[in-house]
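Heads up: the sequence shown begins at 0 in numbering that gives the first Met the number 0, then just goes up one per residue.
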Amino acid sequence: MNVGMNIIERDSADAARVVPSDIFSMGMAFTSRRGPVDVAVPIYNPTDDKKVFGEYGSSYLGGFMRRGLYANCREFGATVWGGRVIGASGSVSATKTFNDATKGSWVFTSGWYGHPSPGADGCNVYIEIKVNVADANKRDVIVSYKGPKDFAPVMKEVHEYLDNTSVVNEFLKKSGWVICALATGATTVPVVAAQTALLGGLDGIAPTDSDYIAAYSRFNGINIPLIMNADLHAIASAQSLQTYVEGLGVAIGLIASPQAASITTLASTYAPLLKSKSYLVGTRGWGNVDDENGGVIAIPMMAHAVGAAWIRKCVQRGGFPWIAPAGDTTALRDVYELEFPFYSATDVNNSVAAGFNPVQWVQGKGFIVRTSRTFSTLRKHYSAHVRRMTNWMIASFQGSFMWLEQEPPVKKTYDKLSDSLTFFAQDVYKNGGLNTRGGYENNAKVKCDEENNTQEIADNGGIVADFSFHPVEAIESGTINIFQTRDDLKVTEK
């Protein structure tokens with residue numbers, strides 16, 4: 000079924016429509032200079048990204064990774080749900096209290112639309128308070144920020160005509176830089192104040208895997224089919240992500256190989272992640288990208304791969320979840336060189352067997368995502384696109400069949416559900432999602448009747464539908480037979 004609006008004439012007007020679930024959103028947990036730490040924020044481009052999370056840097060590789068994702072699918076659109084991570088111990092938001100004639104009045108704290116933004120970068124936020132020209136009892140507040148590339152603070156926001164009644168709500172709803180609260184006992188507005196920096200912001204200790212696990216929880220309740228940890232690239236963090244996505248049952252966890260890790264090391268280190276059915280997909284290879292300061296910086300290629308293969312190629316082929324996210328049409332943009340550009344056939348096989356899909360150089364094609372395997376050891380669960388397709392079906396069904404609740408467990412209800420699933424399966428088949436050998440009837444089956452809905456199930460308020468499908472696979476190897484002949488070749492017009 001195509002993602003988006005589909006108007007199709009049906010034989011049964013009673014069948015409910017299965018609404019396709021989103022397949023183009025991604026959740027990323029990462030450290031950043033600034034930004035909220037208690038909520039996931041949807042980001043659509045680098046400009047918005049930097050407004051929320053600040054400039055990129057060597058300590059914040061996630062920013063460069065998101066930029067790479069946007070660069071590889073900018074004409075198609077993608078949403079990155081950002082989950083900022085900061086060390087749980089020792090992190091403090093920068094703050095400053097501005098006084099009236101005798102005591103504290105307004106307390107400003109680094110924040111983002113009502114959410115705290117802890118960290119040392121908050122000390123680069125400046126507040127200036129002026130008397131409002133129309134009413135001397137009101138105040139105007141100018142918010143400025145001195146970024147890593149700025150010589151002086153740059154004005155970001157102007158908030159006018161504020162008093163003790165309006166100031167808190169003003170910054171709660173309209174400021175991407177600070178939160179304001181009234182000091183205890185405040186009765187009057189503060190006096191005029193020159194441009195003054197917030198103080199006391201601290202980053203705290205380096206984040207641990209438990210901090211990233213906490214960040215994943217901010218994605219709960221949001222339809223996010225792809226999730227990654229941008230910063231930690233080790234077996235422990237990969238296991239934590241695997242546990243999280245398995246618990247969701249409708250998302251794929253994307254992991255990157257550690258920098259400079261050999262295929263042999265990957266095979267031995269990540270063997271515990273291999274299982275018969277896996278929700279994890281690995282990418283091997285780091286690459287150099289522009290560091291925005293005239294040099295380059297090495298980062299994992301997994302976000303670039305998402306933009307080029309999971310989104311751009313998918314949209315170019317119709318926007319279907321069963322499009323394999325790899326192949327020679329997945330050339331990566333925004334990459335200068337790879338740490339492992341060349342692979343022999345043996346290298347490719349060994350890397351895939353270890354769970355990591357290589358990003359490699361192919362003459363005439365560029366840097367491409369070569370394969371799309373999961374960490375699964377059972378053949379029917381190998382392919383990443385089959386896992387993605389199955390997750391998409393589950394999410395689509397979860398979002399489309401609430402109408403079943405409070406309906407009677409009778410034949411009419413069974414038929415309605417059966418028709419809905421049948422029409423859905425026919426759409427998937429017509430658009431190339433199912434195997435075609437033997438026709439539709441041999442590759443999809445729906446059953447929802449009194450045979451698999453016993454009286455006991457009905458008496459307990461349940462309903463059961465069996466939905467079986469044979470997904471289309473992606474070619475991974477080919478054989479071309481070449482024959483040399485000494486016989487005369489005759490060409491005859493007929």
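Quick reminder that beta carbons are idealized off the backbone N, C-alpha and C, glycines included. Treat the numbers as computed from the prediction; the structure is a model and nothing was measured.
Residue burial classification, residue i (beta-carbon count within 10 angstroms, cutoff 16)
| i | result |
| --- | --- |
| A259 | exposed |
| I479 | exposed |
| P470 | buried |
| I85 | buried |
| Q483 | exposed |
| A270 | exposed |
| T108 | buried |
| V132 | exposed |
| L197 | buried |
| S395 | buried |
| P147 | exposed |
| L377 | exposed |
| N452 | buried |
| S58 | exposed |
Identified DSSP bridge partners for residue i
| i | result |
| --- | --- |
| N287 | A297, E336 |
| P357 | R283 |
| A443 | F468 |
| M25 | V79, L225 |
| I126 | V142, T195 |
| E156 | V142 |
| T94 | T108, L198 |
| K494 | Because the chain is modelled from 0 through 493, residue 494 falls outside the range shown and cannot be assessed. |
| V177 | S109 |
| S382 | R372 |
Residue i (DSSP reduced to helix, strand or coil)
| i | result |
| --- | --- |
| A182 | coil |
| E472 | coil |
| V191 | coil |
| H232 | coil |
| D426 | helix |
| R369 | coil |
| V38 | coil |
| A255 | strand |
| G437 | coil |
| L161 | strand |
| P147 | coil |
| V496 | Residue numbering for the chain in the displayed model covers 0 to 493; residue 496 lies beyond these limits and cannot be assessed. |
| P115 | strand |
| S419 | helix |
| Y55 | coil |
| K411 | helix |
| K137 | coil |
| S31 | coil |
| K50 | helix |
| K274 | strand |
| F170 | helix |
| V84 | coil |
| N349 | helix |
Span separating the alpha-carbon of residue i from that of residue j
| i | j | result |
| --- | --- | --- |
| I128 | G203 | 30 Å |
| F341 | I221 | 39 Å |
| D162 | W176 | 19 Å |
| A149 | S399 | Checking the displayed sequence, the identity of residue 149 turns out to be Asp instead of Ala. Taking the straight line from one Cα to the other gives about 50 Å. |
| P45 | F63 | 9 Å |
| E74 | R332 | 13 Å |
| W105 | G199 | 17 Å |
| L201 | T94 | 11 Å |
| R369 | K415 | 43 Å |
| G318 | A182 | 53 Å |
| T164 | V142 | 19 Å |
| P152 | V166 | 23 Å |
| T329 | V188 | 58 Å |
| K364 | K173 | 46 Å |
| D47 | M301 | 21 Å |
| C179 | L171 | 7 Å |
| G461 | M401 | 13 Å |
| T101 | G53 | 36 Å |
| F374 | E440 | 31 Å |
| V361 | E338 | 14 Å |
| G118 | G184 | 28 Å |
| A235 | P320 | 29 Å |
Legend entry - the segment 272-290 / the segment 250-257 touching (three or more Cβ pairs under 8 Å): Under the three-pair Cβ rule at 8 Å, the segment 272-290 counts as touching the segment 250-257.
Inset, instruction - Please determine if the segment 13-28 and the segment 215-235 are in contact, where contact requires at least 3 C-beta pairs separated by less than 8 Å. - result: yes
Legend entry - Inter-stretch contact (C-beta, 8 Å, three-pair minimum) for the segment 290-305 and the segment 383-393: no
Inset, instruction - Evaluate contact between the segment 84-94 and the segment 28-44, counting only Cβ atoms and requiring at least three cross-stretch pairs below 8 Å. - result: yes
Legend entry - Any 3 or more C-beta pairs closer than 8 Å across the segment 133-152 and the segment 211-220: no
Inset, instruction - Mind the definition here: the segment 461-476 touches the segment 309-317 only if three or more C-beta pairs lie below 8 Å; say whether that holds. - result: Segments in contact, no.
Legend entry - Segment contact, 8 Å Cβ cut-off, at least three pairs: the segment 441-455 with the segment 405-419: Contact between the segment 441-455 and the segment 405-419 is present, because at least three Cβ pairs lie under 8 Å.
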